[in-house]
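Inspection log for the structure reproduced underneath, given as C-alpha coordinates.
Numbering (the working numbering), first residue to last: 5 to 366.
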(Lines of atoms letter the chains of each structure in order from A and count residues from 1; the text may use other names and numbers.)
(Lines give C-alpha, C1' and ligand atoms only; values in the text may rest on other atoms or scores of the structure.)
Protein backbone atom coordinates (compact mmCIF):
# COMPACT_ATOMS: atom_id res chain seq x y z
CA UNK A 1 0.00 0.00 0.00
CA UNK A 2 1.32 3.44 -0.94
CA UNK A 3 2.41 5.59 1.98
CA UNK A 4 1.55 9.22 2.57
CA UNK A 5 5.09 10.08 1.46
CA UNK A 6 4.59 8.18 -1.82
CA UNK A 7 1.42 10.13 -2.53
CA UNK A 8 3.18 13.40 -1.68
CA UNK A 9 5.97 12.60 -4.14
CA UNK A 10 3.47 11.84 -6.88
CA UNK A 11 1.62 15.09 -6.25
CA UNK A 12 4.92 16.97 -6.42
CA UNK A 13 5.77 15.28 -9.73
CA UNK A 14 2.36 16.25 -11.09
CA UNK A 15 2.92 19.84 -10.01
CA UNK A 16 6.29 19.94 -11.77
CA UNK A 17 4.72 18.72 -15.02
CA UNK A 18 2.02 21.37 -14.73
CA UNK A 19 4.54 24.11 -13.96
CA UNK A 20 6.58 23.12 -17.03
CA UNK A 21 3.41 23.38 -19.09
CA UNK A 22 2.60 26.85 -17.81
CA UNK A 23 6.22 27.86 -18.47
CA UNK A 24 5.95 26.74 -22.10
CA UNK A 25 8.59 24.03 -21.65
CA UNK A 26 6.49 21.04 -22.73
CA UNK A 27 6.40 19.95 -26.37
CA UNK A 28 3.17 18.61 -27.91
CA UNK A 29 4.67 15.11 -28.12
CA UNK A 30 5.32 15.14 -24.35
CA UNK A 31 1.83 16.23 -23.33
CA UNK A 32 0.81 12.79 -22.02
CA UNK A 33 1.80 13.46 -18.35
CA UNK A 34 -0.29 16.64 -18.37
CA UNK A 35 -3.20 14.73 -19.90
CA UNK A 36 -2.96 12.00 -17.28
CA UNK A 37 -3.06 14.45 -14.41
CA UNK A 38 -6.55 15.59 -15.40
CA UNK A 39 -7.86 12.14 -16.29
CA UNK A 40 -6.23 9.60 -13.98
CA UNK A 41 -6.56 11.45 -10.68
CA UNK A 42 -9.65 11.35 -8.48
CA UNK A 43 -11.43 14.49 -7.31
CA UNK A 44 -9.78 14.16 -3.91
CA UNK A 45 -6.35 13.75 -5.53
CA UNK A 46 -6.93 16.82 -7.70
CA UNK A 47 -7.70 18.74 -4.52
CA UNK A 48 -4.36 17.64 -3.04
CA UNK A 49 -2.54 18.55 -6.26
CA UNK A 50 -4.03 22.05 -6.14
CA UNK A 51 -2.84 22.42 -2.55
CA UNK A 52 0.63 21.10 -3.40
CA UNK A 53 0.92 23.44 -6.39
CA UNK A 54 0.03 26.43 -4.24
CA UNK A 55 2.62 25.37 -1.66
CA UNK A 56 5.39 24.77 -4.22
CA UNK A 57 4.85 27.74 -6.54
CA UNK A 58 2.71 30.17 -4.52
CA UNK A 59 0.14 30.20 -7.31
CA UNK A 60 -3.47 29.04 -7.54
CA UNK A 61 -3.78 26.23 -10.10
CA UNK A 62 -7.44 26.90 -10.92
CA UNK A 63 -6.69 30.58 -11.44
CA UNK A 64 -3.78 29.73 -13.74
CA UNK A 65 -6.00 27.50 -15.85
CA UNK A 66 -8.61 30.24 -16.09
CA UNK A 67 -5.92 32.70 -17.18
CA UNK A 68 -4.78 30.28 -19.87
CA UNK A 69 -8.33 30.20 -21.27
CA UNK A 70 -8.40 34.00 -21.36
CA UNK A 71 -4.94 34.16 -22.90
CA UNK A 72 -6.01 31.96 -25.80
CA UNK A 73 -8.89 34.29 -26.53
CA UNK A 74 -6.87 37.52 -26.76
CA UNK A 75 -3.32 36.65 -27.92
CA UNK A 76 -2.78 35.94 -31.64
CA UNK A 77 -1.91 32.33 -32.45
CA UNK A 78 1.21 33.55 -34.28
CA UNK A 79 2.78 34.56 -30.98
CA UNK A 80 5.59 31.98 -30.45
CA UNK A 81 5.29 32.18 -26.69
CA UNK A 82 1.76 30.78 -26.69
CA UNK A 83 1.87 28.55 -29.76
CA UNK A 84 3.23 25.71 -27.62
CA UNK A 85 0.34 25.97 -25.22
CA UNK A 86 -2.20 26.03 -28.03
CA UNK A 87 -0.71 22.79 -29.37
CA UNK A 88 -0.94 21.08 -25.99
CA UNK A 89 -4.38 21.96 -24.70
CA UNK A 90 -7.13 22.74 -27.12
CA UNK A 91 -8.07 26.33 -26.55
CA UNK A 92 -11.15 27.06 -24.53
CA UNK A 93 -12.67 23.56 -24.66
CA UNK A 94 -9.73 21.55 -23.30
CA UNK A 95 -8.90 24.26 -20.79
CA UNK A 96 -12.52 24.15 -19.65
CA UNK A 97 -12.26 20.39 -19.21
CA UNK A 98 -9.09 20.89 -17.17
CA UNK A 99 -10.71 23.61 -15.04
CA UNK A 100 -13.75 21.47 -14.34
CA UNK A 101 -11.59 18.47 -13.41
CA UNK A 102 -9.28 20.47 -11.17
CA UNK A 103 -12.14 22.08 -9.25
CA UNK A 104 -13.82 20.43 -6.29
CA UNK A 105 -17.13 18.91 -7.43
CA UNK A 106 -19.24 21.33 -5.39
CA UNK A 107 -17.32 24.33 -6.75
CA UNK A 108 -17.51 22.97 -10.29
CA UNK A 109 -21.28 22.51 -10.01
CA UNK A 110 -21.71 25.97 -8.48
CA UNK A 111 -19.92 27.43 -11.51
CA UNK A 112 -22.08 25.40 -13.91
CA UNK A 113 -25.24 26.62 -12.15
CA UNK A 114 -24.00 30.21 -12.25
CA UNK A 115 -23.37 30.00 -15.98
CA UNK A 116 -26.82 28.46 -16.51
CA UNK A 117 -28.37 31.40 -14.66
CA UNK A 118 -26.26 34.29 -16.00
CA UNK A 119 -24.83 33.00 -19.29
CA UNK A 120 -26.00 33.88 -22.78
CA UNK A 121 -29.40 32.48 -21.90
CA UNK A 122 -31.05 30.94 -18.88
CA UNK A 123 -30.62 27.18 -19.26
CA UNK A 124 -33.38 25.50 -17.29
CA UNK A 125 -32.33 22.02 -18.38
CA UNK A 126 -28.85 22.45 -16.90
CA UNK A 127 -30.26 23.92 -13.68
CA UNK A 128 -32.58 20.93 -13.23
CA UNK A 129 -29.64 18.64 -13.99
CA UNK A 130 -27.36 20.15 -11.34
CA UNK A 131 -30.00 20.44 -8.63
CA UNK A 132 -31.77 17.12 -9.20
CA UNK A 133 -29.10 14.58 -10.23
CA UNK A 134 -26.82 15.29 -7.26
CA UNK A 135 -27.51 13.71 -3.84
CA UNK A 136 -29.04 16.05 -1.26
CA UNK A 137 -25.78 16.31 0.69
CA UNK A 138 -23.90 17.37 -2.44
CA UNK A 139 -26.53 19.97 -3.30
CA UNK A 140 -26.07 21.45 0.18
CA UNK A 141 -22.32 21.77 -0.54
CA UNK A 142 -23.07 23.34 -3.94
CA UNK A 143 -25.22 25.95 -2.21
CA UNK A 144 -22.37 26.72 0.19
CA UNK A 145 -19.80 26.92 -2.62
CA UNK A 146 -22.08 29.21 -4.63
CA UNK A 147 -22.44 31.55 -1.66
CA UNK A 148 -18.67 31.59 -1.07
CA UNK A 149 -17.73 32.20 -4.72
CA UNK A 150 -20.40 34.69 -5.74
CA UNK A 151 -21.50 36.25 -2.44
CA UNK A 152 -25.03 35.32 -3.41
CA UNK A 153 -27.64 32.75 -2.51
CA UNK A 154 -28.30 30.10 -5.14
CA UNK A 155 -31.95 29.95 -4.04
CA UNK A 156 -32.37 33.71 -4.41
CA UNK A 157 -30.75 33.76 -7.84
CA UNK A 158 -32.94 30.87 -8.99
CA UNK A 159 -35.97 32.68 -7.58
CA UNK A 160 -35.15 35.95 -9.39
CA UNK A 161 -33.94 34.48 -12.70
CA UNK A 162 -36.56 31.79 -13.29
CA UNK A 163 -40.33 31.68 -13.04
CA UNK A 164 -43.34 29.43 -13.30
CA UNK A 165 -43.04 25.67 -12.92
CA UNK A 166 -39.27 25.67 -13.40
CA UNK A 167 -38.91 28.05 -10.48
CA UNK A 168 -41.25 26.05 -8.22
CA UNK A 169 -39.63 22.67 -8.86
CA UNK A 170 -36.05 23.96 -8.52
CA UNK A 171 -36.79 25.73 -5.25
CA UNK A 172 -38.51 22.62 -3.87
CA UNK A 173 -35.45 20.48 -4.57
CA UNK A 174 -33.12 23.13 -3.18
CA UNK A 175 -35.33 23.30 -0.08
CA UNK A 176 -34.94 19.56 0.46
CA UNK A 177 -31.14 19.92 0.38
CA UNK A 178 -31.39 22.48 3.16
CA UNK A 179 -33.59 20.34 5.39
CA UNK A 180 -30.58 18.97 7.25
CA UNK A 181 -31.32 15.28 6.51
CA UNK A 182 -28.89 13.82 3.97
CA UNK A 183 -28.47 10.30 5.29
CA UNK A 184 -28.87 7.10 3.32
CA UNK A 185 -31.51 5.50 5.56
CA UNK A 186 -35.07 5.61 4.31
CA UNK A 187 -38.42 5.25 6.01
CA UNK A 188 -40.35 2.57 4.08
CA UNK A 189 -43.65 3.35 5.80
CA UNK A 190 -43.37 7.03 5.01
CA UNK A 191 -42.43 6.16 1.41
CA UNK A 192 -45.68 4.19 1.02
CA UNK A 193 -47.72 7.05 2.45
CA UNK A 194 -45.96 9.55 0.20
CA UNK A 195 -46.60 7.35 -2.85
CA UNK A 196 -50.33 7.45 -2.07
CA UNK A 197 -50.13 11.24 -1.67
CA UNK A 198 -48.54 11.54 -5.10
CA UNK A 199 -51.14 9.24 -6.64
CA UNK A 200 -53.93 11.39 -5.28
CA UNK A 201 -52.15 14.57 -6.41
CA UNK A 202 -51.55 13.34 -9.95
CA UNK A 203 -54.26 10.81 -10.81
CA UNK A 204 -57.27 11.82 -8.71
CA UNK A 205 -57.07 15.62 -8.84
CA UNK A 206 -59.19 15.97 -11.98
CA UNK A 207 -57.41 17.37 -15.04
CA UNK A 208 -54.70 19.22 -13.16
CA UNK A 209 -51.90 18.04 -10.90
CA UNK A 210 -52.20 19.17 -7.28
CA UNK A 211 -48.98 21.19 -7.39
CA UNK A 212 -49.15 22.32 -3.78
CA UNK A 213 -49.18 18.77 -2.40
CA UNK A 214 -46.37 17.64 -4.70
CA UNK A 215 -44.12 20.59 -3.93
CA UNK A 216 -44.71 20.27 -0.20
CA UNK A 217 -43.58 16.67 -0.34
CA UNK A 218 -40.49 17.44 -2.43
CA UNK A 219 -39.34 20.16 -0.01
CA UNK A 220 -39.12 17.71 2.88
CA UNK A 221 -37.65 14.55 1.35
CA UNK A 222 -34.00 13.72 0.74
CA UNK A 223 -32.89 12.22 -2.54
CA UNK A 224 -32.72 8.71 -1.06
CA UNK A 225 -36.17 9.03 0.47
CA UNK A 226 -37.61 10.36 -2.79
CA UNK A 227 -36.25 7.38 -4.71
CA UNK A 228 -37.91 5.09 -2.16
CA UNK A 229 -41.18 6.96 -2.70
CA UNK A 230 -40.97 6.47 -6.47
CA UNK A 231 -40.20 2.76 -6.03
CA UNK A 232 -43.21 2.43 -3.70
CA UNK A 233 -45.39 4.18 -6.27
CA UNK A 234 -44.40 1.63 -8.90
CA UNK A 235 -45.12 -1.30 -6.56
CA UNK A 236 -48.48 0.07 -5.46
CA UNK A 237 -49.85 1.19 -8.83
CA UNK A 238 -47.99 -0.95 -11.36
CA UNK A 239 -46.47 1.93 -13.29
CA UNK A 240 -43.92 4.70 -12.97
CA UNK A 241 -45.11 8.08 -11.76
CA UNK A 242 -43.43 9.51 -14.87
CA UNK A 243 -46.01 7.77 -17.06
CA UNK A 244 -48.89 9.37 -15.19
CA UNK A 245 -47.18 12.77 -15.46
CA UNK A 246 -46.69 12.29 -19.18
CA UNK A 247 -50.45 11.90 -19.60
CA UNK A 248 -51.02 15.12 -17.69
CA UNK A 249 -48.26 17.01 -19.52
CA UNK A 250 -49.73 19.91 -21.42
CA UNK A 251 -52.87 20.11 -19.27
CA UNK A 252 -51.26 22.61 -16.91
CA UNK A 253 -49.59 25.79 -18.13
CA UNK A 254 -46.33 26.40 -16.31
CA UNK A 255 -45.20 29.69 -17.79
CA UNK A 256 -41.65 30.85 -17.30
CA UNK A 257 -40.78 31.83 -20.85
CA UNK A 258 -38.68 34.67 -22.18
CA UNK A 259 -35.64 35.95 -20.32
CA UNK A 260 -36.62 34.43 -17.00
CA UNK A 261 -36.63 30.74 -17.91
CA UNK A 262 -38.00 27.95 -20.07
CA UNK A 263 -41.71 27.56 -20.76
CA UNK A 264 -43.15 24.15 -19.85
CA UNK A 265 -46.02 22.60 -17.98
CA UNK A 266 -45.68 21.61 -14.36
CA UNK A 267 -46.02 17.87 -15.17
CA UNK A 268 -43.29 18.18 -17.81
CA UNK A 269 -40.79 19.95 -15.54
CA UNK A 270 -41.58 17.61 -12.64
CA UNK A 271 -41.17 14.55 -14.84
CA UNK A 272 -37.72 15.73 -15.96
CA UNK A 273 -36.67 16.48 -12.38
CA UNK A 274 -37.82 13.09 -11.08
CA UNK A 275 -36.01 11.32 -13.92
CA UNK A 276 -32.83 13.15 -12.87
CA UNK A 277 -33.30 12.10 -9.25
CA UNK A 278 -34.32 8.50 -9.89
CA UNK A 279 -32.24 7.52 -12.95
CA UNK A 280 -29.54 10.14 -13.57
CA UNK A 281 -27.79 7.95 -16.15
CA UNK A 282 -30.89 8.04 -18.34
CA UNK A 283 -31.10 11.80 -18.01
CA UNK A 284 -27.51 12.31 -19.17
CA UNK A 285 -27.90 9.85 -22.04
CA UNK A 286 -31.03 11.71 -23.09
CA UNK A 287 -29.29 15.10 -22.77
CA UNK A 288 -26.48 14.04 -25.11
CA UNK A 289 -28.96 12.62 -27.63
CA UNK A 290 -30.99 15.84 -27.60
CA UNK A 291 -27.84 17.94 -28.04
CA UNK A 292 -26.77 15.85 -31.02
CA UNK A 293 -30.16 16.47 -32.62
CA UNK A 294 -29.86 20.24 -32.07
CA UNK A 295 -26.42 20.31 -33.69
CA UNK A 296 -24.05 23.25 -33.60
CA UNK A 297 -21.99 23.49 -30.43
CA UNK A 298 -24.68 21.90 -28.26
CA UNK A 299 -23.27 18.39 -28.62
CA UNK A 300 -19.78 19.40 -27.54
CA UNK A 301 -21.08 21.27 -24.50
CA UNK A 302 -23.29 18.35 -23.46
CA UNK A 303 -20.46 15.83 -23.91
CA UNK A 304 -18.02 17.89 -21.83
CA UNK A 305 -20.53 18.48 -19.04
CA UNK A 306 -21.72 14.86 -18.98
CA UNK A 307 -18.34 13.15 -19.15
CA UNK A 308 -16.57 15.46 -16.69
CA UNK A 309 -19.31 15.52 -14.04
CA UNK A 310 -20.13 11.79 -14.22
CA UNK A 311 -16.57 10.44 -14.50
CA UNK A 312 -15.96 8.32 -11.43
CA UNK A 313 -19.67 8.45 -10.58
CA UNK A 314 -21.81 6.59 -13.11
CA UNK A 315 -20.30 7.38 -16.51
CA UNK A 316 -20.32 3.69 -17.49
CA UNK A 317 -24.04 3.44 -16.80
CA UNK A 318 -24.58 6.63 -18.81
CA UNK A 319 -22.66 5.02 -21.66
CA UNK A 320 -24.81 1.89 -21.43
CA UNK A 321 -28.04 3.89 -21.42
CA UNK A 322 -26.86 5.95 -24.38
CA UNK A 323 -25.81 2.88 -26.37
CA UNK A 324 -29.11 1.12 -25.63
CA UNK A 325 -31.03 3.98 -27.30
CA UNK A 326 -28.68 4.87 -30.15
CA UNK A 327 -26.43 1.89 -30.84
CA UNK A 328 -23.39 4.18 -30.41
CA UNK A 329 -20.96 4.48 -27.53
CA UNK A 330 -20.10 7.81 -25.98
CA UNK A 331 -16.49 7.26 -27.04
CA UNK A 332 -17.54 6.98 -30.69
CA UNK A 333 -19.53 10.21 -30.39
CA UNK A 334 -16.61 11.98 -28.71
CA UNK A 335 -14.27 10.85 -31.48
CA UNK A 336 -16.76 11.96 -34.10
CA UNK A 337 -17.08 15.42 -32.52
CA UNK A 338 -13.45 16.00 -31.54
CA UNK A 339 -11.36 13.51 -33.53
CA UNK A 340 -8.16 11.92 -32.20
CA UNK A 341 -4.97 13.46 -30.94
CA UNK A 342 -2.31 12.56 -33.45
CA UNK A 343 1.40 13.27 -33.40
CA UNK A 344 0.77 17.00 -33.41
CA UNK A 345 -2.03 16.81 -30.86
CA UNK A 346 -4.56 18.94 -32.69
CA UNK A 347 -6.76 21.15 -30.57
CA UNK A 348 -9.91 19.07 -30.92
CA UNK A 349 -7.96 15.82 -30.83
CA UNK A 350 -6.53 16.42 -27.38
CA UNK A 351 -9.96 17.38 -26.05
CA UNK A 352 -11.18 14.05 -27.41
CA UNK A 353 -8.29 12.30 -25.65
CA UNK A 354 -9.17 13.97 -22.36
CA UNK A 355 -12.81 12.94 -22.57
CA UNK A 356 -12.10 9.37 -23.71
CA UNK A 357 -9.73 8.84 -20.77
CA UNK A 358 -12.38 10.15 -18.39
CA UNK A 359 -14.91 7.69 -19.84
CA UNK A 360 -12.73 4.91 -18.43
CA UNK A 361 -13.15 6.04 -14.82
CA UNK A 362 -15.55 3.75 -12.96
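Glycine included, every Cβ here is placed at the ideal spot set by N, Cα and C.
Please read all numbers here as calculations on a predicted model, not as lab measurements.
Cβ neighbour criterion (16 or more within 10 Å) applied to residue i
i	result
residue 156	exposed
residue 243	exposed
residue 226	buried
residue 22	buried
residue 208	exposed
residue 252	buried
residue 140	buried
residue 100	buried
residue 12	exposed
residue 168	buried
residue 172	buried
residue 36	exposed
residue 192	exposed
residue 299	exposed
residue 205	buried
residue 328	exposed
residue 295	buried
residue 353	buried
residue 281	buried
residue 268	buried
residue 176	buried
Residue from the options with nearest C-alpha to residue i
i	options	result
residue 194	214, 176, 236, 217	236
residue 355	307, 21, 333, 121	307
residue 273	166, 201, 366	166
residue 118	331, 178, 71, 154	154
residue 212	50, 196, 250, 352	250
residue 381	41, 24, 29	What is shown of the chain runs 5 to 366, which leaves residue 381 out entirely.
residue 309	65, 143, 129	129
residue 142	360, 228, 275	228
residue 178	131, 204, 192	131
residue 303	290, 173, 328	290
residue 134	62, 16, 174	174
residue 126	138, 108, 170, 17	170
residue 240	197, 217, 65	197
residue 238	202, 224, 299, 20	202
residue 63	28, 19, 36	19
residue 361	38, 44, 25	44
residue 283	27, 138, 343	138
residue 387	61, 112, 27	With the chain represented from 5 up to 366, any question about residue 387 goes unanswered, as that position is not in the structure.
residue 2	151, 39, 24	Residue 2 is absent from the structure shown; the chain starts at 5 and stops at 366.
residue 70	26, 279, 275	26
residue 116	339, 305, 51	305
Residue i vs residue j beta-carbon contact at 8 Å
i	j	result
residue 222	residue 180	yes
residue 270	residue 215	yes
residue 325	residue 285	yes
residue 341	residue 363	no
residue 149	residue 114	yes
residue 367	residue 330	The shown model of the chain, from 5 to 366, leaves out residue 367, and the question about it has no answer.
residue 68	residue 110	no
residue 319	residue 365	yes
residue 56	residue 16	yes
Whole-Å CB distance - residue i paired with residue j, under 8 Å assumed
i	j	result
residue 190	residue 232	4 Å
residue 105	residue 322	With 8 Å as the limit, residue 105 and residue 322 do not qualify as a contact, their Cβ atoms being about 17 Å apart.
residue 277	residue 54	At roughly 33 Å, the Cβ-Cβ gap does not stay under 8 Å, so residue 277 and residue 54 are not in contact.
residue 199	residue 358	Actually they are not in contact, since the Cβ atoms of residue 199 and residue 358 sit about 43 Å apart, beyond 8 Å.
residue 47	residue 316	7 Å
residue 245	residue 230	About 11 Å separates the two Cβ atoms, so there is no contact after all.
request  = Evaluate the contact criterion for the region 153-173 versus the region 122-133: three or more CB pairs, one atom per stretch, below 8 Å.
outcome  = yes
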